[in-house]
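All residue numbers for the sequence shown refer to UniProt numbering, where the first residue is 1 and numbers rise by one. Cβ atoms here follow ideal geometry from the backbone N, Cα and C, with glycine treated the same way. It should be emphasised that the depicted structure is a prediction, and the values quoted were computed from it without experimental measurement. This report concerns only the one structure given below.
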Amino acid sequence: MADKIHGHCLVCDGVAIGINFGVPTCMPCKAFFRRNATRLGIQQFICKRDGDCLITYKRRRSCNCCRLAKCFRVGMDKSLILSDEEREARNKLVEMNRLKRGKIPKLQCIKWMQPPYVLRMTISKSSQYLSSSDQTLLSNIFHAHETIFSIKRNDSSICISTPEHISLHDYANQISHGFQNSIEYLKCIPEFARINTDDKIRLVKNHFGIVANMNGPIMQSTVPNNVMTTWMTIFGAEITHAHLKSNQLLQAYIFDPVLLKIIVIILVLSSGSPRNLGTTDIDQICDEPLTIFAAQNVYVELLWRYILSRSASEQNAVKFYSRLITCILYWKKLSACVDEYVDNLASELKQMNPLIQDMWPKQAEVEHITDMNVPKKIII
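What follows is the structure, given as structure tokens:
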């Protein structure tokens, strides 16, 4: 197709991939010109023969001097070479335009992140691995989540506003509605409810990012174009692509009725958090880590039995579980990247509502800790 549209490279007569720096060229000659044209005057290009070497696609590497001279001779324009900063700005503009037109290319998951198969419920397997109390607990989890989040699904007032006029604090204040619902959902979990109040607040703060990131795909299977544009405007291309890949990884699990709902519980019931690695705030250490661990273990074992009940074999269950853990690690990495980004925007943090502000430590107060009281703005 490239040969029919663009013909041959004017430098080496290879297959042209497009118009590069003003003329049709192949990819190697395009890269060669970009790399070497800017070195004129800095690096010497000397021909070992008579200065008129034959440049073909088989012999194009034999003489850089004559190859570069031919690039200029056929009309390649040095002024069209963009600096790294200019290229980054152009790529960002192209990305923004694609997002605005809703033409984001579908991101492909890394192969080892993809689940090996869709879980299938079989009655015989269900009764084999899940006790009646397990099935009751799964039913309670499902109905608690559906009851609390059904209101959010029907609330059109929480839609993201026009992307061009949104800021980080606006976006954070919007997602705070869904995060508050997550807190209400957790309060329905008996093991979470039995944890002391201070530790519950710590757990919610420690795992704010990953819970907030998982809320969207659970509630809405596809990412609206205006939300993608908002991410690009606020976070830039790198974090936006990570967000989209995170959502695509979640796509493999959102159609299971309870899988992600269990995972949210397990993640919140983790006494440790990478958010606290760089802080000296002793207040972030949980008072009763063993109680939290015991509560988490209930749902880790439930998750494993649930996966077994929906897998063709134990071997497949192990593969599925392993890939699920890999995806969770990716989601946690994204959460850490967003944390690091937001930490540097103190002015934006000050404009967020109290609930979201409480998700970040008050850096100025860290060095002046006088007691171990946990902020009570989070209502649990």
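Beta-carbon contacts of residue i that lie in its chain and below 7 Å, excluding the five residues immediately before and after
i: Gly209; result: Ser335, Val338 and Asp339
i: Leu345; result: Leu168
i: Gln357; result: Leu349
i: Met27; result: Ile17
i: Val74; result: Leu10, Val11 and Val23
i: Ala144; result: Tyr185 and Cys188
i: Tyr253; result: Leu259 and Leu260
i: Arg34; result: Ile81
Residue range of the alpha helix (DSSP H) that includes residue i
i: Pro257; result: No alpha helix (DSSP H) contains Pro257, which DSSP labels as neither H nor E.
i: Val23; result: Element bounds for Val23: not the alpha helix (DSSP H) but the beta strand (DSSP E), Val23 to Thr25.
i: Asn353; result: Counting along the chain, Asn353 falls outside any alpha helix (DSSP H), and DSSP gives it neither H nor E.
i: Thr56; result: First-last for Thr56: undefined, no H or E at that position.
i: Ile307; result: Pro289 to Ser309
i: Trp331; result: Glu314 to Asp343
i: Asp198; result: Thr197 to Asn206
i: Arg73; result: Asn64 to Arg73
i: Lys187; result: Leu168 to Lys187
Exposed unless 16 or more other CB atoms sit within 10 angstroms - verdict on residue i
i: Phe72; result: exposed
i: His207; result: buried
i: Asn247; result: buried
i: Ala31; result: exposed
i: Ser176; result: buried
i: Lys48; result: exposed
i: Ala193; result: exposed
i: Lys58; result: exposed
i: Leu80; result: exposed
i: Cys9; result: buried
i: Thr147; result: exposed
i: Asn213; result: buried
i: Arg60; result: buried
i: Asn181; result: buried
i: Leu40; result: exposed
i: Thr229; result: buried
i: Ala294; result: exposed
i: Ile234; result: buried
i: Gly7; result: exposed
i: Gly178; result: buried
Delimiting residues of the beta strand (DSSP E) encompassing residue i
i: Ile19; result: Gly18 to Asn20
Identified DSSP bridge partners for residue i
i: Gln43; result: Leu40
i: Val15; result: His8
Cβ-based neighbour list, residue i, same chain, cut-off 8 Å, excluding 5 preceding and 5 following
i: Ile266; result: Gln296, Tyr299, Val300 and Leu303
i: Asp77; result: Phe21 and Gly22
i: Glu288; result: Ile195, Asn196 and Asp199
Residue of the options minimising C-alpha distance to residue i
i: Asp199; options: Ala16, Ile262 and Ser270; result: Ser270
i: Val23; options: Met352, Leu308, Gly272 and Lys70; result: Lys70
i: Asp84; options: Cys47, Thr38, Leu68 and Leu260; result: Thr38
i: Thr136; options: Phe179, Tyr171, Pro190 and Asp170; result: Pro190
i: Phe255; options: Met352, Phe142 and Ser313; result: Phe142
i: residue 392; options: Asn36, Val11, Arg34 and Ile307; result: Residue 392 cannot be examined here, being either before or after the span of the chain that is shown, 1 to 380.
i: Leu250; options: Asn353, Val211, Leu54 and Gln44; result: Val211
i: Gln128; options: Leu203, Arg310 and Leu68; result: Arg310
i: Cys53; options: Cys66, Ser150, Pro354 and Arg34; result: Cys66
i: residue 381; options: Gly236, Tyr253 and Leu138; result: Any property of residue 381 remains undetermined from this structure, which presents the chain solely from 1 to 380.
i: Phe320; options: Tyr306, Trp331 and Phe45; result: Tyr306
i: Met232; options: Leu259, Val264 and Ile166; result: Ile166
i: Cys29; options: Ser150, Ile55, Gln43 and Asp50; result: Ile55
i: Val342; options: Leu138, Ile239 and Val268; result: Ile239
i: Lys333; options: Val264, Ala242 and Glu314; result: Ala242
i: Gly272; options: Leu186, Ser62 and Lys205; result: Lys205
i: Trp331; options: Leu130, Ile46, Leu68 and Ile263; result: Ile263
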